[in-house]
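Have a look at the structure below, then the notes.
Number of protein chains: 2
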Amino acid sequence: MENAYRRRKQPELVRRTLLDCAARLAMEQGLAAVTVQAVCEAAAVTKGAMFHHFASKQAMIDAVVAELLEKLDADIEAAMVTDPQPYGRFTRAYVTVTLDDLMLNQGSQWTALYISSLTEPSLRQVTAEWFAKFVRRHRATDDHPTLEIVRLAADGVWLAGLLRDDGGPMPDLPALRKRLVAMTLPD
Amino acid sequence: MENAYRRRKQPELVRRTLLDCAARLAMEQGLAAVTVQAVCEAAAVTKGAMFHHFASKQAMIDAVVAELLEKLDADIEAAMVTDPQPYGRFTRAYVTVTLDDLMLNQGSQWTALYISSLTEPSLRQVTAEWFAKFVRRHRATDDHPTLEIVRLAADGVWLAGLLRDDGGPMPDLPALRKRLVAMTLPD
DNA sequence: GCATACATACAGACCGTTTGGTATCTTTCA
DNA sequence: TGAAAGATACCAAACGGTCTGTATGTATGC
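Chains as they are written, first to last, in full-length UniProt numbering: chain U, 1 to 187; chain P, 1 to 187.
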């Protein structure tokens, strides 16, 4: 994004870059590090540009979280369509998507941001609704107490992933995934 | 804490009040709301007083988190000494302390703060070490994969507790507690 | 009377946001 | 077809506010 002033205009790219930089900052240094200045500096644009694309800083952060939830949405949906077994289908998808993300990209790309969206009161409601939507939608196939425990455990893995880089204990993910998935299958 | 200037000096009380107010702010409005000004205002003392008791804002927050972890420590230890069954003793204590806290005080007193201590990079390491300490210490009795799943599920309940007030789905805690504890017992 | 426990006042940095201007892009219409 | 006109994209600078932290003053407690 060099020589930004006189270059060709590329609004879509700038917007994307801003969102990506904001997400990266939140993940690597916490939500507190997501200042307008820091994001713009990382994206190599000025604050004016940022405020052209987003009405406020909060609007930008909201957009980041919304994108994150949409991505999770899509991943879960994709995992579900290939699953022939109805019982526990959503729970299985939830587990696989969660653990696979942690296993694939070392840096646990979304974890910190996702958890951050829970601590910030302004973002809590969005995530709460997103989550409630799923539970409501799949009540018919995923209502068993054991399945709930599996989902809660998957959430717990998110947290463990946060501490991973700081010497926190990290479970054997492949084995854990296997075991959790097994728990979602009917006896 | 009225008439602060000419009242009797009570350093211990002031320190306590500051810590309590900082914790309350973090729990109710998120860690971002914990500014020196806001804490001092809530405690009805001046910044001078606060900086007399704590070397920096970060030192104060560290103290809050340290207290929280100490409290958890004590609660877990207390739950363990009354447990005759060695196998899974720590995991059982972890589950009961976690869920009982959420069940007892509606507002999930510590949840938000605890999660914040995971999100904020400056606090992560302390919590990671605290957690690793436990796992290390009780490896002999709590190393089974099922026990790990139970602990992860308990962590997941922390997260669910965060979303509770915003309409997020909340599990039936007494039933869940029963079921998780049952999973920690040898067959 | 000296250390401790505060209050007061202030400094300097950084925050999100606004403003005003200058590019580039797109549409319109002669 | 192309030039004028308007909309959009972006920069640069500055504003008011709030942030943490410091320096200094003043009371209390032993």
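C-beta: ideal position from N, C-alpha, C; glycine also. Predicted model only: the values in this text are computed from it and were never measured.
Per DSSP, P:PRO11 is one residue of the alpha helix (DSSP H) stretching across 11-29. Counting along the chain, U:TRP130 sits inside the alpha helix (DSSP H) bounded by residues 121-137. Contact annotation, P:LEU102 with P:LEU152: C-beta distance approximately 16 Å; criterion of less than 8 Å not satisfied. Taking 9 Å as the cut-off between beta carbons, the residues of the region 140-169 of chain P near chain U are PRO145, THR146, GLU148, ILE149, VAL150, ARG151, LEU152, ALA153, ALA154, ASP155, GLY156, VAL157, TRP158, LEU159, ALA160, LEU162, LEU163, ARG164, ASP165, ASP166, GLY167, GLY168 and PRO169, in sequence order. For the region 52-72 of chain U, there are no residues whose beta carbon sits under 8 Å from a beta carbon of chain P. For U:ARG89, the number of other beta carbons within 10 angstroms of its own is at least 16, and it is reported as buried. DSSP places U:ASP101 within a helical segment (H, G or I) once states are collapsed to three.
Scanning chain P for C-beta atoms nearer than 8 Å to the C-beta of U:GLN29 yields PRO121, reported in chain order. Taking 7 Å as the cut-off, the Cβ atoms of P:LEU31 and P:SER116 count as close. Listed in chain order, the non-local C-beta contacts of P:ALA38 below 7 Å within the same chain comprise LEU25, local neighbours out to five positions each way being set aside.
Fewer than three pairs of CB atoms, one per stretch, sit closer than 8 Å, so the region 139-155 of chain U makes no contact with the region 51-65 of chain U.
The Cβ neighbour count for P:ARG15, taken over all protein chains shown within 10 Å, is at least 16; the residue is labelled buried.
Under the 7 Å criterion on CB atoms, U:PRO186 is classed as non-interfacial with respect to chain P.
P:ASP165 and P:GLN29 have their alpha carbons spaced roughly 13 Å apart.
Taking a 10 Å sphere around the C-beta of U:GLU77, we find fewer than 16 other C-beta atoms and assign the residue as exposed. Restricting attention to U:THR111, U:PRO86 and U:LEU118, the CA atom closest to the CA of U:LYS71 is found in U:THR111.
Counting only runs of at least 4 residues, the region 27-105 of chain U fully encloses the following alpha helix (DSSP H) elements, listed from N- to C-terminal order: 36-43, 47-53, 57-81 and 89-104.
No Cβ of chain P is located within less than 7 Å of the beta carbon of U:SER117. For P:GLN125, the chain U residues whose C-beta falls within less than 8 Å of its own C-beta are ASP166 and GLY167, listed in chain order. Nearest neighbour of P:ASP143 by Cα position, chosen from U:VAL34, U:PRO86, U:PRO169 and U:VAL36, turns out to be U:PRO169. Residue burial annotation: P:VAL34 is buried, with at least 16 other C-beta atoms found within 10 angstroms of its C-beta.
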